[in-house]
Every structure is written in C-alpha cells, then in structure tokens.
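Asks:
Chains as they are written, first to last, in our numbering: chain A, 60 to 519; chain B, 7 to 753.
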C-alpha cells in the first residue's frame, strides 16, 4: 500500500463530508499553469449541433449546395443514416456575420451570444469518430466511448473538492431522458460521492431532500436527534473510528443541506431585471433561463462544476435536425441563445466571469451533407465548441475544418485535448489526476491530451 | 504513450531523440533527468552507451528478473505446514503488535451471517448461538450458514460484480438481455452446490467444449454474454466486434488471472512482461466465439420456438385486423376535433412532418394530445358487431399469451466451426501486422492452444485456456481466488490489488499464508466452502473489532490483523437487512429480474421512456425479494443502491468503495423504501406487547438497555403528540433505527 493514490483513497473513506469532495491539493503543487477558474459551467448541447450553421462558416458548401461531395473528401467517412458518397452537400440557410472587435464569425441563429463575441474562444477543429449518440456522449463526457468511466465533473471534484460542504460539488441539470442515460455524469469507478447530483426543478432540487410526506420539520428533528443519540451511545466505546464519526456527522450535514439547498434554487430573491435578462418571462426561454440562472447561483455558492444538458431523448432535441434542420435549430437556439448570453452578461456584471470557465459543447456536429429534404445527420469528424470566461482571450477561433466542413484539418483537437484544457483551467494537471483501477493509473484523458490548448486560450 | 512529443513506444521516435535524452541525463540543458538528481557517473556512462548504440530494447519480455516475479511462480506449499494464526501470530510477534481479544458471541454471529448470507441473524438465532455451550458451537454455526441457499445469493453477487453482470446491454436503447438472469441463477446455484472452483472456471470459459452434453455446465459460458455491448447499434459492427473481443480478453485476464492485459492491446506492457503479441495471441482464443443459446431442455425448447413462430404469425394477422377495424374511426374523430380548431391547426396536421414549419410543428405538438383519439375513444364508437369482432381478436390474443413466459434457454457462446478466423497484431500506422496463433503469454511458457481433433466442432481454443487456468500448475488462478475470498471476509486482501497480480504488485507481507491457503485449496479439490471454513475457524476472524492500544500507530492499515476490521454494509446488504428487520423479506429464489416500484422522482434520467425501461413487476410481494434478484440496468441504478456504492456493472469490479456521504443519509432517511419498510415494521411493533423490545430484537437482534428504553419511550411519546398517532411514532422509530450505525455496520 505504498501507492500514493491508495492512501488518498483511504483518506476518502475516512473524510467525513457532506457533498464536498476532498481536494487533492498536492496535484496543484508546482503545476505550470496557475489555476484560473474557481468553477466550471459546462453547457452540453445534447443531440448534436450543426457546426456549419453556427460557428463554422463554409462559403464553398453554399456555393456547391446540391452537388455531391468530391469523392476524396467523402473517403472513409460513415455515419448513422446517410451515405457520404451519395448525399448532396447543403449550404447553410443562415447568414453569418462578423462580430466584436475580433470579427468572430457567428451565424444569425445566435443574435444574443454574438454580442459576447469578444468573450468567445471558438474551437472549429474538434473531431472524434463516435457517430452514435450514446458512445459520443460518453466520449465527450468521460473520455471513452464505452460507459463505466468517471465523467469530467467527477474527475474535477475528485481533484479539487468543493467549497461548499452543504451543496454537491458537481451539479447536473438536464431535461430528463438522455441518450446516454445517467452515465454521462456518473462517477464510474471513482467513489459515488463524486458523481453528478441532479438538480430538479421545484423547491426540493435534490433527490430525497424533502421529509417524507406527513413528517413535519419538528418531527424530523426529533427523529434525527434519536439517530444522533443512539449513534453517540454506540460510538462511545468505539471512539477511535473516524468512519463512524463521519457517518454521525453526515446526518447533521444532511439536515443542513435540507436547509440550504432549497435556498440555492429559490429564485424569488432575484430582481425583475435579472429574471427578464435570462428570459424567465418567456415560455420559450424559461427552461434554459432557469438553469443558467441557477448555475450562476450555484457558482456563487462555491459549487465547483455545473453541467447543463440541453436537449432530451424524449422531447425537444438538437437531434431533431435529422428531419428538420431548420425548425430544430431555430427552436433550440431560440430557447437557449438569450439565456446563455444572459449567463455571460450576469457573470461578468458580478465579477464572477473571470473565475468561471463557461464551456459550450456538443457530442458531435452535423453533416454538411443533406439528410432527406431538410435534415443533417450526425457528424463527429469536424465540429465546433467554444469557451468563455476564466480570463481567456475571446474573439478568436482555433483550427479549421476543410472547405466543406467535413474534417478537422488545421489544429485538430480531440475530446481529450478539450478535456485536458478544461481540467488545466480548473486547476488540475490532467496527467497527474489519476485513480488506480484494474491495475492502471486511470486518467480522464487516458494516455492522450497532448493537444491541450490552454496556452492558445491565454494568448500564446 | 507520448511525452514531450516523443512516442515512447516507438523505436524510431526514441531513436531520433537520443541526443536530447543524453543532454537531459547529463544535466546539460533546460530539461534535467531524472529531476530528483543527476545519476552517478557509472550509471550515466551505461545509459550513454546504450543511447549511442541506438537505444534498442528487446521486444519480448525480458526473461530474467520478471520471470521471477513471485505471483508467476508455481504455488509452493510452505515447508512445515502452518495455519492462518500460525503465520499471522508469528508476523505480529516479530513486530511486537498487541492483539484484540475474541469478539462477543453476539458480534460473531452477526459478523459471520452478514459475511456468508449478506443478511443479519434473527434474534432467535442470535440467542441460540449465544447460549450454545457446546465446544463446537462456532463450527456448527458455520456449517449451518454454508448449507443455506442464502449463501449462494451473497457470494454469487461477489462473482457477478467481477464479471460485470447486468440485465441490459447499455447505450441509448439499453435493451434487455432477456436471458441474462439464467447466468445469474447459474452462478448462485454454483456457489450453493460448492462447485469446485476449477470446474466453475472451466464451465465459464469453455463449458461448450469441455462438457458439450451437459446444458447446465454450458450455461457457464453465459459469462461472456452478460456484459455491456452495443450489438443493437448498426453500422458499427466492426467497432463492436473489436470492443467485444477487448471485453472478453481484458475481463477474462482480470477476473480469472488477476492480470491487467489491457495495456498490451496498444503496445508492449510497460510494467508487466506482456507484449502486444501476447495480447493478440490471448485474444485469438476468443476470436472464434459467437453468442448462442443453450437449450436447457431440448424438447421443451423446440416446442417453445415452434410456439413462438406460430404466435408471431398470428400477431401479424391480429395487428392487421385491429388496424382495419380502428383506423376509420381514428380518422373520423381526428377530423371532427380538427374542425373545431382554427384552420391553421388542421393545415399543420395535414402537412407531412418533414415539411412542417416550426410554427406548424409547435401547433401540432400543442394540439396532438387533444386531437389524437385514444384507443378507448375509438372503442366507444364501435357498433355491436364491431365490438364482437374486437372481442374475438382480444380472446385470441389472450389465449396466445396467457402462458407466455421465458423459454428454456440460457445465454452462451460457442465457436462456429473447427476453423478459426485469422488473427493479426495491428501494424504500426494501421493495417495488419504479424499473424499470430492462439496461445498463452510467453511469460507463462507461451504454449499454443492445442490443435482440435479433425472431428471437432469447435476450435478448442477456450478449452485449452480453461484447462491451463484450472490446472494445479497455473500460478495465478488459485492464488487470485483465494485472495478474493480473503478480501471479502476481511475487507482487504492479502494482496491489496485483487485483480492485479502483475509485476507492479510486490509480494504480499503474508505471502506464505497466501500460498499455504492456495495450496490447501487446490489439494482439497478447489472447494470454496472448505476455504471459507478454514478462514472462519481462525482466531484472526474471530477477534474483536476494537484496535488494541498502540496498533493504530504501528500498523495503521491493520495489515497484521490485530483486530477485525469493522465494515459498513454493502448496498444490497442494507436493503436486504431492512427487509428482514421489517419482516417483509421474500426469500423466493431465481427467475427473471424483478422491477420494484420507485417514486417518479427516483426514475429520473433514463434514456428510454419509463414505461419501457421500468416495467414494474405486477406482484408487489416480488418487490421485497433479495436485491440480487432486482433488475440491474446499465443505464440506471436504483438510487438507494447507487448512493451506497453499488458498482455500475460496466467494468469488472474487484473491490467496492465504501464511502460516507450526506446523500446516503438523505436517501436512507427520506426515501420511499425506508418509509415503506418502517411502516411494515411499525405494524408488527404495534401488535407486539412491548414495541420497544420488539423493535430492538427485529433491528439489532438484542434486548434494549434500560437507558435506551427510557430514551425511546420519551421519543415515542413526543412523536405521538407531534404526528397524531402511536403508529406514526412507531414508523419514525423504525426509520430512526434503520439509520443507526449499529444497524449499518458489522463489528
């Protein structure tokens, strides 16, 4: 038991904690890049956002719209439904404009976000080979197409802990059913404490937070007091056991959480202006607006990693673009553009943006080729994401896809490169954050991540 | 592996930077290696010489030092015999460590009953054992517990953790593995039968080849089929094939041999003497295997398949009849309803989906529920003759389905023929490299798998592997299993990394003890129950759980077992123990997985509609069966189990975490399961003459102490006043006791 991680792991057993993870402070010692972000808000667009219609303009695609793609470009590509050798190219139905001092090109689907252009660092050269949703979501969120591995939020709270003991370190807000199931925010082989805690709407955001029906707060306190008394009596002759002690404390923490968590999600104290900013007054923007506003409130309270999954297997989804690119992307951007822009505005106004990394990503892009009359299929070979906040230099784009938006050709970036960068900005060296499992020191980035682009984000 | 832009497993990459490496070693530039200090001159000279010669390294495993790795040597029975306590006492004495006294009888029976059954003893069993003055009372207790079918349910679950068992296959659709439970029942039965472990291994790896005429043994190969897979995804057959083979290779090496082969898939193993060639030779053993079914009873299986065949054809016809009967009404009702709505709604409905504008889509979605008639709306308009037709169809369906149940099948694998597809090591930079034969790694002798007889129907590759694994010559199989059993009893194995006996795992402190156990295990016919007994009869197992003075400082990890390590119950044990204490536990064994009712808020986040993914078992008595029989979906774990560290069932799990968190407390305190069981307990308590004593007996298996009684009576009085009834107060008492450490921990 000389392995450093094993002794840390034992420490995890004995650390009496609430939701909080335990910071592995040693990982930050002498790390080359100083920690830039205190928190991460990760907006995961579920279902696949079309890159050539949003952040990656392709004039050549529009010019040759309707033509088959040159054979050399289609070579070796396959996806869910269409055949790359037969489907015609399709130009974007939307106009792109240059925005901000940097002249970053963003399509008209994001009028609100475009006003933040100088804050956005777009990566146009993301690529992977997972073209089905679940494997691609697992890949993006956990670094492996196969389920069972810890998600990026779990790794982050395992490495960094949480600053608020009464709230989870890793909070997830989703629209319900995800194509991956809960594995996208699971702890994999890390201790269960590190997994994403789903915050639901309503006054009791955490599962089992509310007292059982009919049990008043006073009666619940009586019950907790009895548990406490019986536990302390049991503990008397066993007082060397820190685990027993931790469990005694865990009930007090649970009680405090019952008090604090509903407050964190209670938006009644927010001003009318704030509610309007996030679009809570409009049924279209209300859902994402509420989640983004909640994300800000959680970050304010020291939550380390907030992940918003926008889109669902059983309702509105970016994946509706299979049959209806136009409708789906109008609907999804209409629902999310204003709230996400509001989040950046609000974080900046409160001085939180410099210490919060905002990530906007998707499991893959969509084919520059047409599916049916008005659709686009899944496309992992080249797609876009962006980051903002944490002091990074926005108004710029990294890398490029080929002239039709098919393949990442300049500065191609893998999921591991992206995840390595996120962890670094959050303050952890991805090569040092390990957990011994199945005989290996496992990492979020496996043996990869050498294309980390933290340097570029900070102007190098 | 890549560092500083250099692929460390690429000879050409490394050869290109020997100059830079020499500079770093010489502390000549910015980069200085090793960072801890410049190497002594002689070592530096040696390394420089090697670098100048082109930095070559041998591709096969170095035969020298690693071949002497302790775990790769044959198990040698320590000369002069021994005993568990003999080895441990001697080791402890050398370090001057104190030792805890014997645990109390009450603690012992609770400890051993949880260890062997995953359940607490009843109050009566406890009282009987405490009062049993016979000298062999402990041994009798062990024998009784080992003979009970509850034993297989507990130890089968350990095995199911190892073989990444699940009832669905994962990913977006997370489809059911309809017959996986047969393998689960096979595992439980195997433990209850005390099937010799060597036989258990052979059945799972190659039951089809070694026992072709024994369906019960062939069920073992279900082992290969109960993992995660994405067979239901199309267009990725090639990737799926690779993933399936990777799963077979890595899981088999890990579970049965304690070897981490995974690294060698992409390059020669950096630590273990396993080359990439070894990996693909090992993988070639599984390449011919395909998934199939075992007919547990041949005749019934044929009848079942024929019945299914006819039934399906009948269903096509019934579907057509129903459509013909219902469609005219469906259209009529839709038109009537649309007529009452603004005309643009009707236009939206008439526009094909792919042509709908977003506005039309929104209109469609907003009105779909109200416009689209339900089946009952349609039936309400049926004329009498139509109703009669409907009932005729209904009756036919009912008779076709009335005894519908799983068939006599078990999931399995076998080879398609005597010929195997060829296997190649992947070439650097893509494509096929060297062709390899199937065989075991070079470090273990590197034997090829035997050539099958000309009349063979399979390749006999898995047979060769199984026989090598299950032979007394194999240095790993028995050691690994004995160590796992030890770990499940003591919380920590003699070898801490239970699935990694590779060269990075140093010889354990108690190596002689491990070998003594492994040798005795094999000599005694690989009997796991006998192994349990050897361990449980030791003084080490029967010690108290309080650390003697000084031990905490001298042996923080309790390596020398000066005391018995206290442990928290595992997720399944918590749920099962609550059921037992509440008096609701249903001990029915086996069968298809049970889906218990959960609150809507607990069913959050599934990839499929709850109505498809969580089809609740109709008979509520089934919901109170042991947790091992509850469905284990890959995409969704029951929240109570998840929060108490039940593994995901995706990768092999050799040791569970045991965390302490506030969400656990919330779940056990406020979750519907606790409340329901506390209510069941309260009903029994109210009927008892002395509810406090009855509660203590049910939950703790003992009598309440006077101070406890005083405290609880005050509690009940107060809660009765607050909640308005004695019953509600007793529910709160149950809820409290289920959340106490005395209940949740084993001494």
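Where is the CB? At the ideal position from N, CA and C, for every residue including glycine.
(1) Using a cut-off of 9 Å between C-beta atoms, extract the partners of residue 493(B) located in chain A.
(2) Return the bridge partner residues of residue 148(A) from the DSSP annotation.
(3) In terms of residues, what are the limits of the beta strand (DSSP E) holding residue 83(B)?
(4) Does the distance from the C-beta atom of residue 213(A) to that of residue 197(A) stay below 8 Å?
(5) Looking at the unbroken alpha helix (DSSP H) that takes in residue 321(A), where does it start and where does it end?
(6) Could you please tell me which residues of the segment 426 to 445 of chain A, in chain order, have their CB closer than 8 Å to any CB of chain B?
(7) To which residues does DSSP link residue 369(A) through a beta bridge?
(8) By the three-class DSSP mapping on this structure, what secondary structure does residue 298(A) have?
(9) Alpha carbon to alpha carbon, what distance is there between residue 287(A) and residue 300(A)?
(10) Would you mind listing the beta strand (DSSP E) stretches within the segment 275 to 344 of chain B that are 3+ residues and don't spill past its ends, in chain order?
(11) If I follow the unbroken beta strand (DSSP E) through residue 376(B), where does it start and stop?
(12) Counting contacts by CB-CB distance shorter than 8 Å, is residue 478(A) in contact with chain B?
(13) Using three-state DSSP, classify residue 506(A) as helix, strand or coil.
(14) For the alpha helix (DSSP H) that contains residue 681(B), what are its first and last residues?
(15) Say whether the segment 414 to 426 of chain A touches the segment 93 to 110 of chain A, bearing in mind that this needs 3 or more beta-carbon pairs closer than 8 Å, one atom from each stretch.
(16) Alpha carbon to alpha carbon, what distance is there between residue 404(B) and residue 339(B)?
(17) What residue range is occupied by the uninterrupted alpha helix (DSSP H) comprising residue 732(B)?
(18) In chain A, which residues lie less than 7 Å from residue 612(B) when you measure between Cβ atoms?
(19) Is there at least one Cβ from chain B nearer than 8 Å to residue 101(A)'s Cβ?
(20) Alpha carbon to alpha carbon, how far is residue 488(B) from residue 499(B)?
(21) Which residue from 373(A), 139(A), 468(A) and 146(A) puts its Cα closest to that of residue 130(A)?
(22) Rank 148(A), 114(A), 110(A) and 108(A) by C-alpha distance to the C-alpha of residue 122(A) and give the top, closest one.
(23) Which one or two residues does DSSP pair with residue 592(B) in a beta bridge?
(24) Counting only Cβ pairs nearer than 7 Å, list the residues of chain A close to residue 176(B).
(25) Let me make sure I understand the geometry here. Which of 252(B), 188(B) and 234(B) has the alpha-carbon closest to that of residue 226(B)?
(26) Please report whether the beta-carbon of residue 512(A) lies at a distance below 8 Å from any beta-carbon of chain B.
(27) Consider the Cβ of residue 516(A): report whether some Cβ of chain B lies at a distance smaller than 8 Å.
(28) In or out: residue 303(B) buried (at least 16 other Cβ within 10 Å) or exposed?
(29) Can you check the segment 169 to 234 of chain A for any beta strand (DSSP E) of at least 3 residues that lies completely inside it and give the ranges in chain order?
(30) For residue 448(A), which beta-bridge partners are listed by DSSP?
(31) Assign residue 397(B) to buried or exposed, taking buried as 16 or more other Cβ atoms, counted over all protein chains shown, within 10 Å of its Cβ.
(32) Spell out a yes or no on whether the segment 310 to 323 of chain A and the segment 220 to 236 of chain A are touching, meaning 3 or more CB-CB pairs, one atom from each, closer than 8 Å.
(33) Determine which residues of the segment 266 to 288 of chain A have a Cβ less than 9 Å from any Cβ of chain B, and write them out in chain order.
(34) Between residue 672(B) and chain A, is the shortest Cβ-Cβ distance under 8 Å, so that the two count as touching?
(35) With a cut-off of 8 Å on the beta carbons, I'd call residue 228(B) and residue 192(B) a contact; round off their distance for me.
(36) Helix, strand or coil: how does DSSP classify residue 399(B) here?
Replies: The answer reads as follows:
(1) Your numbering for residue 493(B) matches position 487 in the second chain. The contacting residues do not exist; residue 493(B) stays about 13 Å from chain A at best.
(2) Numbered from its first residue, the first chain carries residue 148(A) at position 89. Beta-bridge pairing links residue 148(A) to 428(A).
(3) Counting from one through the second chain, the residue named residue 83(B) turns up at place 77. For residue 83(B), there is no enclosing beta strand (DSSP E), as DSSP marks it with neither H nor E.
(4) By 1-based counting over the first chain, the position of residue 213(A) is 154. By 1-based counting over the first chain, the position of residue 197(A) is 138. The answer is no: Cβ separation not under 8 Å.
(5) As a first step, residue 321(A) is located in the first chain; it is residue number 262 there, counting from the start. From DSSP, the alpha helix (DSSP H) with residue 321(A) extends over 301 to 324.
(6) Within the segment 426 to 445 of chain A, 431, 432, 433 and 434 place their CB atoms closer than 8 Å to a CB of chain B, listed in sequence order.
(7) Reading the first chain from its first residue, position 310 is the one you call residue 369(A). Per DSSP, 104(A).
(8) The sequence position of residue 298(A) within the first chain is 239, counting from 1. Reduced to three states, the DSSP call for residue 298(A) is coil.
(9) Position 241 of the first chain holds residue 300(A). Position 228 of the first chain holds residue 287(A). Separation of residue 300(A) and residue 287(A) (C-alpha to C-alpha, rounded to the nearest whole angstrom) is 16 Å.
(10) 295 to 301
(11) Position 370 of the second chain, counted from the start, is the residue given in the question as residue 376(B). Segment 364 to 377 is the alpha helix (DSSP H) holding residue 376(B); no beta strand (DSSP E) there.
(12) The count along the first chain starts at 1 and reaches residue 478(A) at position 419. No, no contact with chain B.
(13) What you label residue 506(A) is simply residue 447 of the first chain in a count that begins at 1. Here residue 506(A) sits in coil by DSSP.
(14) Taking the first residue of the second chain as 1, we reach residue 681(B) at position 675. Looking at the DSSP string, the run of the alpha helix (DSSP H) that includes residue 681(B) is 678 to 693.
(15) yes
(16) The residue given as residue 339(B) occupies position 333 in the second chain. The residue given as residue 404(B) occupies position 398 in the second chain. Taking the straight line from one Cα to the other gives about 28 Å.
(17) Taking the first residue of the second chain as position 1, residue 732(B) is located at position 726. It spans 732 to 744 - the alpha helix (DSSP H) in which residue 732(B) sits, taken as one unbroken run.
(18) By one-based count along the second chain, residue 612(B) stands at place 606. Under the 7 Å cutoff, chain A gives 236 and 240.
(19) The residue given as residue 101(A) occupies position 42 in the first chain. Nearest CB-CB separation between residue 101(A) and chain B: not below the 8 Å threshold.
(20) By one-based count along the second chain, residue 488(B) stands at place 482. By one-based count along the second chain, residue 499(B) stands at place 493. Each residue's Cα considered, the two are about 9 Å apart.
(21) In the first chain, the residue the question calls residue 130(A) occupies position 71. The shortest C-alpha separation from residue 130(A) is found at 146(A).
(22) Position 63 of the first chain, counted from the first residue, corresponds to residue 122(A). With distances taken between Cα atoms, residue 122(A) lies closest to 148(A).
(23) Position 586 of the second chain, counted from the first residue, corresponds to residue 592(B). Beta-bridge pairing links residue 592(B) to 631(B).
(24) For the purposes of this step, residue 176(B) is taken as the residue at position 170 of the second chain. By Cβ distance, chain A contributes 206.
(25) What you label residue 226(B) is simply residue 220 of the second chain in a count that begins at 1. Ranking 252(B), 188(B) and 234(B) by Cα distance to residue 226(B) puts 188(B) first.
(26) Along the first chain, one-based indexing puts residue 512(A) at 453. Not an interface residue.
(27) The residue labelled residue 516(A) in the question sits at position 457 within the first chain. So, not an interface residue.
(28) Position 297 of the second chain, counted from the first residue, corresponds to residue 303(B). Classification of residue 303(B): exposed, given that the 10 Å Cβ count is below 16.
(29) 180 to 185 and 229 to 232
(30) In the first chain, the residue the question calls residue 448(A) occupies position 389. Partner(s): 416(A).
(31) Locating residue 397(B) in the second chain gives position 391, where the first residue counts as 1. The residue is exposed, with fewer than 16 neighbouring Cβ atoms inside 10 Å.
(32) yes
(33) 266, 267, 268, 269, 270, 271, 272, 273, 274, 275, 277, 278, 279, 281, 282, 283, 284, 285, 286 and 288
(34) Looking up residue 672(B) in the second chain gives position 666. True, the Cβ-Cβ gap to chain A drops below 8 Å.
(35) Locating residue 228(B) in the second chain gives position 222, counting from the first residue. Locating residue 192(B) in the second chain gives position 186, counting from the first residue. Between residue 192(B) and residue 228(B) the Cβ distance is about 7 Å, and since that is below 8 Å, they are a contact.
(36) Locating residue 399(B) in the second chain gives position 393, counting from the first residue. Residue 399(B): helix per DSSP, three-state reduction.
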